[in-house]
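Those protein sequence lines, which keep their order, are chains W and Z.
Per the numbering used here, the very first residue in the first sequence carries number 17; after that it's consecutive.
Per the numbering used here, the very first residue in the second sequence carries number 17; after that it's consecutive.
Backbone N, C-alpha and C define an ideal beta-carbon position, used for all residues, glycine too.
These numbers were taken from a predicted model, which means no experiment stands behind them.
Below is one structure, written out as structure tokens; the observations come after it.
2 protein chains.
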Amino acid sequence: MDRRKRKTREAIFSAFTELLSEKNFESITVGEIIDSADIGRATFYSHFETKDSLMEALCEELFCHIFDAMGKENEHKHIFECDAPDSVFLHLFLHLQKNDNNILKLLSGRNNDLFLRYFKKHLTELVSSQMHLFESEKKKKLPESFLINHISSTFVETIRWWVENGKKETAETVTEYFFSVL
Amino acid sequence: MDRRKRKTREAIFSAFTELLSEKNFESITVGEIIDSADIGRATFYSHFETKDSLMEALCEELFCHIFDAMGKENEHKHIFECDAPDSVFLHLFLHLQKNDNNILKLLSGRNNDLFLRYFKKHLTELVSSQMHLFESEKKKKLPESFLINHISSTFVETIRWWVENGKKETAETVTEYFFSVL
DNA sequence: ATAATTACCGAACAATATATTCAGTTTCGT
DNA sequence: ACGAAACTGAATATATTGTTCGGTAATTAT
């Protein structure tokens with residue numbers, strides 16, 4: 017890809033991420049994005065059709081990065097190295113603790129529901145594949161879709177709580193909390 | 017309050033609620049609301065400053081109604097009649113099953129995050145006052161704010177799951193599900 | 001190196017939505 | 001029946017979106 021195109025794309029993502037951490041998606045205008053990214057109006061629209069497709073692209077960028085990397089990591093690790101039930105989730109918390117790709121800015125900001133929906137969607141797929149970790153006598157009676165939704169939601173809410181309370185706990189502690197309530 | 021004012025307010029709430037069940041908050045225009053409510057433009061703005069404050073007022077209306085009524089109901093019932101740990105939450109599910117005030121329309125529609133935030137806010141207060149129902153050895157180690165957030169979130173997500181899957185289960189069954197995962 | 005391509009600029013523009021104003025009409029409470 | 005309060009609807013200013021276009025600069029290919 018042309019270096020200019022790459023740089024512009026980066027500038028847009030960067031400006032947008034920064035704005036998302038300050039205010040909610042709906043109240044961000046394209047005008048603000050191009051001012052913040054310091055690019056021309058037409059340039060923005062040559063990269064993204066709408067503000068929504070920018071959000072979509074940003075989510076793809078972030079989640080494909082984290083989840084795909086994790087997926088591959090686990091194809092190796094899960095089979096050969098780690099069989100502890102919390103590995104996948106602990107890994108996610110560790111990624112978040114390092115604040116890869118400024119993902120926490122998006123989670124901590126107010127109202128970034130579109131982002132959270134994407135996050136939960138990807139997470140649900142992960143949880144579905146990890147359901148064997150959560151099986152117990154007590155839970156056998158519950159509908160699977162209910163359980164999957166519950167676990168994904170709990171994960172997202174745990175992160176939200178963690179971030180909104182200043183990330184005082186270590187990733188390991190939060191992982192413990194997460195499993196304690198499941 | 018003047019009958020006209022009351023009727024207009026009702027018409028606005030009604031039109032808005034209906035619209036919220038069809039599309040998301042952001043994509044509803046004031047123009048649509050006044051057309052649907054069949055009132056003049058200036059009339060709308062004499063009642064509400066913005067679309068946001070209409071949403072706020074609607075939430076206050078609904079939640080004060082449900083939660084306050086429940087609060088009082090429980091001041092009586094809780095002490096004299098029901099001491100089953102699930103009473104308060106079962107009551108809420110029953111209210112929702114009856115679809116009081118079309119509250120479910122707001123929960124089932126996409127993206128009605130502002131509404132869900134209000135719902136969770138009020139719910140958190142309720143949960144805080146009911147924390148004694150959830151105490152156990154296992155949970156004693158966890159921070160209280162984490163637990164309160166977890167329980168409120170689980171309740172909201174349970175409702176969301178229930179509604180989005182067609183409300184096939186009875187209120188009693190969903191209440192069981194809710195307590196099973198806590 | 002130079003030519004062709006690709007990307008960016010930024011101002012202008014149409015379309016849409018918001019929020020206010022105001023003069024004129026209807027409805028309410030007493 | 002009367003004054004106050006509420007509604008009407010058209011006009012207006014402002015803001016945002018998404019498009020267009022002629023001109024400029026950076027990149028790539030030959």
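Of all residues in the region 136-159 of chain W, the ones placed with a Cβ closer than 9 Å to any Cβ belonging to chain Z are Lys154, Lys155, Lys157, Leu158 and Pro159, in chain order. Contact between Phe83(W) and Leu142(W) holds: their C-beta atoms lie close to 7 Å from each other, under 8 Å. Residue environment analysis places Ser168(W) among the buried positions, since at least 16 neighbouring C-beta atoms fall within 10 angstroms of its C-beta. Here Glu77(W) has no same chain residue with a Cβ atom under 6 Å from its own Cβ, once five neighbours each way along the sequence are excluded.
Residue burial is scored here from C-beta neighbours: Cys80(Z) has fewer than 16 other C-beta atoms within 10 angstroms and is therefore classed as exposed. Selection Gly182(W), Pro159(W) and Thr170(W) evaluated against Ser196(W) yields Thr170(W) as nearest (Cα-Cα). Asp51(W) counts as exposed, since fewer than 16 other C-beta atoms from the protein chains shown sit within 10 angstroms of its C-beta.
Under a 10 Å Cβ-count criterion, Thr174(Z) is classified as buried, with 16 or more other Cβ atoms of the shown protein chains found around its own Cβ.
Under the 7 Å criterion on CB atoms, Ser69(W) is classed as non-interfacial with respect to chain Z. The alpha-carbon of Ser37(W) is positioned some 5 Å away from that of Lys121(W).
Take the alpha-carbon of His63(W) and the one of Met147(W): they are about 39 Å apart. Chain Z places no beta carbon closer than 7 Å to that of Ser124(W), leaving this residue out of the contacts.
Taking 7 Å as the threshold, the shortest C-beta distance from Asp129(W) to chain Z falls below it. In the DSSP assignment, Lys121(W) falls within the unbroken alpha helix (DSSP H) covering Ile119 to Ser124. With three or more CB-CB distances shorter than 8 Å, the region 102-119 of chain W counts as touching the region 176-187 of chain W.
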